[in-house]
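Chemist: Please see the structure below; I have some questions.
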Amino acid sequence: MKFSKEVKTGLLAVFAIATFIFGYNYLKGTNLLNKERIYYVVYTNVEGLDLSSVVTVNGLKIGKVQHITISSRTGELVVRFNVVGDFQFSKTSIAKIYGGGIIGGKSLSIIPDFTSSDVAISGDTLIGQREEGIMEFMNDRLSPLQDKIENTVVSTDSVLSAVADVLDKDVRESLKKTLKDLGEVAASFKESSKTLETILKTNQDKFNQTFDNLNKTSENFAILSDSLSQLEVGKLVANIENTIADFNAITTKLNNGEGSLGKLLNDELLYKNLEGSTKQLEQLLEDMKLNPKRYVHFSLFGKKPGSYQEPKQPKD
């Protein structure tokens, strides 16, 4: 089948027009071969959102802003954007303007609402929100600070005015005198510091010797402590306890009248007999001194010695 020149020319024109349209949209970032859906969102302020600004979900690019128009009746801005791919979200999802710094651009983020089963279709209008920008953040934070600074300046000015009124001539003179006295005290303290420094330098050798003696004393204490730690303290304490126990046993026996010494201490009759014997022995020794011939004698004729006579007690 043969086509006429007119048909061929028409087909070529249609192909050229289609190629032009496809190329133009492709250069704008729109691929006509991809499946896309169109959505709308309304804002009172787009804060620098521009055409071709990216549309993201959790940071992933899924589309871009295609058109922004302003309503002549309300002044609101209607943003049209596309979503490419099979990602589905509900009609109650939020389209939030975010990002952008002092010189950065804005983007559009889809915050899906998975609690609703009403899926958004192409042509639906989503809920619009705006993220607080850095300039708004700074304005919101700096405005209260500015008010506080202004109030502080006013209060400071009032205080200074009150101080100026209170500080009359006499008070100022008193303050000058006080400052002068403080200066003299500082000078005196400085002189005292110099004197103390001189004393320390003069007696440096004595101080060094004193510290050496303290070190030696500390070493001696350490040696003494080591010596004491090496003693068998437990054995020494045991010996002392045994000695005390033996002494207590002896004392108990004496108190109970056991043994000769115990009987002597506790038997009154034995004590009296011993006392009488001692007295008789003293009398015997006294008589031997007074009459030695009675006990030691020598007789050629066998003369008998006289009978014993008790010596007379000396008169007081």
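Heads up: the sequence shown begins at 4 in our numbering, then just goes up one per residue. Just so you know, even glycine gets a beta-carbon here, dropped at the ideal spot from N, CA and C.
My assumption, with CB atoms under 8 Å, is that ILE71 sits in contact with LEU63. Please give the rounded CB distance.
Modeler: What you label residue 71 is simply residue 68 of the sequence shown in a count that begins at 1. What you label residue 63 is simply residue 60 of the sequence shown in a count that begins at 1. Contact flag wrong, Cβ pair sits at about 23 Å.
Chemist: Suppose contacts are defined by Cβ-Cβ distances below 8 Å. Is ARG83 in contact with ILE20 by that definition?
Modeler: Position 80 of the sequence shown, counted from the first residue, corresponds to residue 83. Position 17 of the sequence shown, counted from the first residue, corresponds to residue 20. Result no, Cβ atoms of ARG83 and ILE20 do not sit closer than 8 Å.
Chemist: Measuring CB to CB, does THR95 end up less than 8 Å from ASP116?
Modeler: Taking the sequence shown and counting its residues from 1, one reaches residue 95 at position 92. Taking the sequence shown and counting its residues from 1, one reaches residue 116 at position 113. In this structure, ASP116 lies closer than 8 Å to THR95 by Cβ.
Chemist: At the 8 Å Cβ level, is VAL49 part of the contact set with chain D, yes or no?
Modeler: Any reference to chain D falls outside this structure, which holds one protein chain only.
Chemist: Return helix, strand or coil for ASN85, following the three-state DSSP convention.
Modeler: On the sequence shown, position 82 is the one that residue 85 refers to. Strand.
Chemist: Taking only the alpha-carbon atoms, compute the straight-line gap between VAL156 and SER164 and give it to the nearest angstrom.
Modeler: On the sequence shown, position 153 is the one that residue 156 refers to. On the sequence shown, position 161 is the one that residue 164 refers to. Each residue's Cα considered, the two are about 12 Å apart.
Chemist: Tell me whether the beta-carbon of GLY102 lies closer than 8 Å to the beta-carbon of SER110.
Modeler: For the purposes of this step, residue 102 is taken as the residue at position 99 of the sequence shown. For the purposes of this step, residue 110 is taken as the residue at position 107 of the sequence shown. The answer is yes: Cβ separation under 8 Å.
Chemist: Which of the three DSSP states is assigned to ILE124 in this structure?
Modeler: For the purposes of this step, residue 124 is taken as residue 121 along the sequence shown, with counting starting at 1. Reduced to three states, the DSSP call for ILE124 is coil.
Chemist: Compare the beta carbon distance of LYS99 and GLN132 with 8 Å and say whether it is the shorter of the two.
Modeler: Translated into positions along the sequence shown, residue 99 becomes position 96. Translated into positions along the sequence shown, residue 132 becomes position 129. Going by C-beta atoms, LYS99 is nearer than 8 Å to GLN132.
Chemist: If you reduce the DSSP assignment to three classes, tell me which class SER96 lands in.
Modeler: Here residue 96 corresponds to residue number 93 of the sequence shown, with the count starting at 1. Coil at SER96, not helix or strand.
Chemist: Would you decide whether SER56 is buried or exposed? Buried here means 16 or more other CB atoms lie within 10 Å of its CB.
Modeler: One-based indexing of the sequence shown puts residue 56 at position 53. Label assigned to SER56: buried.
Chemist: Once DSSP output is grouped into helix, strand and coil, what is the label at THR255?
Modeler: Along the sequence shown, one-based indexing puts residue 255 at 252. Three-state DSSP puts THR255 in a helix.
Chemist: If you run the structure through DSSP and keep just helix, strand and coil, what is GLU134?
Modeler: For this step, residue 134 is matched to residue 131 along the sequence shown. Correct three-state label for GLU134: coil.
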